[in-house]
Amino acid sequence: MNREIAVFLVVGFLDSGKTTFINDCLADPRMNPPDVNALVIACEEGDVEYDEAELKKLGAYVEYFDSADKLTPDRLASRVRRYNAETVFVEYNGMWNLDDLFNAMPDNWQVYGVTFFMDQSTALVYNANMRQLVYDKLSTADTVIFNRLPDDEPDIMPLHKLVRGANRSSDIFYESVSGKTMKDTIEDPLPFDVNAAVIKIADRDFALWFSDMAEDLAKYNGKQVEYLGMVAKQDDMPKGLLAIGRHIMTCCADDIAYNGLACKGLCTDDYKTYDWVKVRGEIRVESCPLYKGSGPVLYVEAIESADEPEDPVATYY
């Protein structure tokens, strides 16, 4: 059986600080122990370079890939064998989709962390013009680091909202031009009361609620919830079962997808696909054919026809 390879993924756009960060990691014996070889997979070259001779003294080596198409399991595995590496740092090109890398990883590669670097002066511009590429990185990152902030009380709220629109669990840090680092401590209370007798989900909060439920399903087990949704029925659904939910856009029009709860109970067979309804009921986590396993099933206690909302597609921001 192949030994497990620890992988640390560092992503970001050109000259965002990725190479400097990896150089610092390789110089730190806690991240790069002296008795363990490390391999850097570098997918772009910026202003800061790797000094391969110096890295070799630390038991670290660099391999360059100039195209995502060249990333394959065989090639990556062969590079690890070439240097007998046990740790891999991937400096990933911000213009490439992360799925290309994940699909190319050998089976024994285990990702231990994903760090996303962004220059604060260009972060919002990148997001406005290349939202899909930014979201691709933010939604996966364990840690997001905004650097090159001014030292005099920078406005971090737009940056905070940028991250939280894609990822509610990642750690966020801000690094000033003088090198001072500050952790984001802004609280993000949910815009609805999960302890209310009936959790009422506003139209603007559907995507956030659905995401929060997916992350912590047990929190909603046995809770009463009310929301506006669109009915979806399939021919192979058992009688008395349908879905009620919304189309959700995570980053752009190309990735809009329908997300709904399996619903049982009152009047469910009276509604057709594309009907809009206001529904209330109790969520129970149980096995359901719609999920091919366990998931949230809404036991409908009240349902009524409703008008399509002004914004039928839900978003996170």
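Position one of the sequence shown corresponds to residue 20 (the working numbering), numbered consecutively onward.
From the three backbone atoms N, C-alpha and C, an ideal C-beta is built for every residue, glycine too.
Checklist entry - If you run the structure through DSSP and keep just helix, strand and coil, what is Ala142? => result Helix at Ala142.
Item to check | Residues of its chain near Arg167, where Cβ-Cβ distance is below 7 Å and the 5 sequence neighbours each way are ignored | outcome: So the list reads Asp138, Gln139, Ser140 and Val196, once near-sequence residues are dropped.
Checklist entry - So, are the CB atoms of Val296 and Val250 less than 8 Å apart? => result When the beta-carbon positions are compared, Val296 and Val250 come within less than 8 Å of each other.
Checklist entry - Going by Cα to Cα distance, which pick from Ile175, Asn240, Asp43 and Pro208 is closest to Met201? => result In terms of Cα proximity to Met201, the closest of Ile175, Asn240, Asp43 and Pro208 is Ile175.
Next on the checklist: At the level of alpha carbons, what is the spacing between Gln253 and Asn116?
Outcome noted: When rounded, the separation of the alpha-carbon atoms in Gln253 and Asn116 is 33 Å.
Item to check | Buried versus exposed call for Met124 [16 or more other C-beta atoms within 10 Å across all chains shown] | outcome: Sixteen is the threshold: when 16 or more other Cβ atoms of the shown chains lie within 10 Å of the Cβ of Met124, as they do, the residue is buried.
Checklist entry - Which word fits Tyr154, buried or exposed, when buried means at least 16 other C-beta atoms lie within 10 angstroms of its C-beta? => result Tyr154 should be labelled buried.
Next on the checklist: Between the alpha carbons of Val130 and Phe121, how many angstroms are there, rounded?
Outcome noted: Computed Cα separation, rounded: 9 Å.
Next on the checklist: For Asp330 and Ser86, I'd like the C-alpha separation in whole angstroms.
Outcome noted: Rounded to whole angstroms, Asp330 and Ser86 show a C-alpha spacing of 39 Å.
Checklist entry - Whose C-alpha, out of Pro328, Ala25 and Tyr335, is nearest the C-alpha of Ala226? => result That would be Tyr335, whose Cα lies nearest to the Cα of Ala226.
Item to check | Secondary structure of Ala233, DSSP reduced to three states | outcome: In the structure shown, the three-state DSSP call for Ala233 is helix.
Checklist entry - If you count every other CB in all the chains shown that lies within 10 Å of the CB of Ile322, and 16 or more means buried, which is it? => result Ile322 comes out buried.
Checklist entry - Grouping DSSP H, G and I as helix and E and B as strand, with all else coil, what is Tyr310? => result Tyr310 falls in the coil class under three-state DSSP.
Item to check | Selection from Asn186, Val304, Arg265 and Asp289 that minimises the alpha carbon distance to Gln243 | outcome: Of the listed residues, the one whose Cα sits closest to Gln243 is Val304.
Next on the checklist: I believe Ala46 touches Glu105 by the beta-carbon criterion, under 8 Å. Please report the beta-carbon distance rounded to the nearest angstrom.
Outcome noted: Not confirmed; about 18 Å, so no contact.
Checklist entry - Where does Tyr335 sit, in a helix, a strand or coil, going by DSSP? => result DSSP, read as helix, strand or coil, puts Tyr335 in coil.
Checklist entry - So Ile267 packs on Leu280, CB below 8 Å; how close in whole Å? => result Wrong, their Cβ atoms sit about 13 Å apart, outside the cutoff.
Checklist entry - Where does Lys291 sit, in a helix, a strand or coil, going by DSSP? => result Of the three classes helix, strand and coil, the one that applies to Lys291 here is coil, per DSSP.
Checklist entry - Below 8 Å, can you find three or more Cβ-Cβ pairs linking the segment 48-65 to the segment 155-164? => result Output reads no: the segment 155-164 does not touch the segment 48-65.
Next on the checklist: Suppose you measure from the CA of Phe229 to the CA of Ala72; what does that come to, to the nearest Å?
Outcome noted: Looking at the two C-alpha atoms, the distance is approximately 51 Å.
Item to check | Nearest to Asp231 (by Cα), restricted to the options Pro208, Ala215, Leu247 and Gly241 | outcome: With respect to the C-alpha of Asp231, the residue from Pro208, Ala215, Leu247 and Gly241 having the closest C-alpha is Pro208.
Checklist entry - Does the beta-carbon distance from Leu157 to Val182 come in below 8 Å? => result A contact, by the Cβ cut-off of 8 Å.
Checklist entry - Just the Cα atoms here: how many angstroms apart are Ser189 and Glu301? => result For Ser189 and Glu301, the distance between alpha carbons rounds to 30 Å.
Item to check | Beta-carbon proximity list for Asn103, same chain, < 7 Å, skipping 5 on both sides | outcome: Only Asn56 meet the Cβ criterion.
Next on the checklist: Measuring straight from C-alpha to C-alpha, what distance separates Glu172 and Glu194?
Outcome noted: Answer to the nearest angstrom: the Cα atoms are 12 Å apart.
Item to check | C-alpha gap between Tyr69 and Asp273, whole angstroms | outcome: So the alpha carbons of these two residues sit roughly 37 Å apart.
Checklist entry - With 16 other CB atoms within 10 Å as the buried threshold, where does Ala276 fall? => result Burial call: exposed.
Checklist entry - Leaving out five residues before and five after Glu23 in sequence, what residues of the same chain have Cβ atoms less than 7 Å from its Cβ? => result Result list for Glu23: Asn127 and Gln129, in chain order.
Checklist entry - In three-state terms, what does DSSP make of Lys242? => result Residue state, collapsed to three classes: coil.
Item to check | CA nearest to the CA of Leu308, picked from Lys180, Asp66, Asn278 and Leu261 | outcome: The amino acid occupying residue 308 in the given sequence is Pro; Leu does not appear at that position. Of the listed residues, the one whose Cα sits closest to Pro308 is Leu261.
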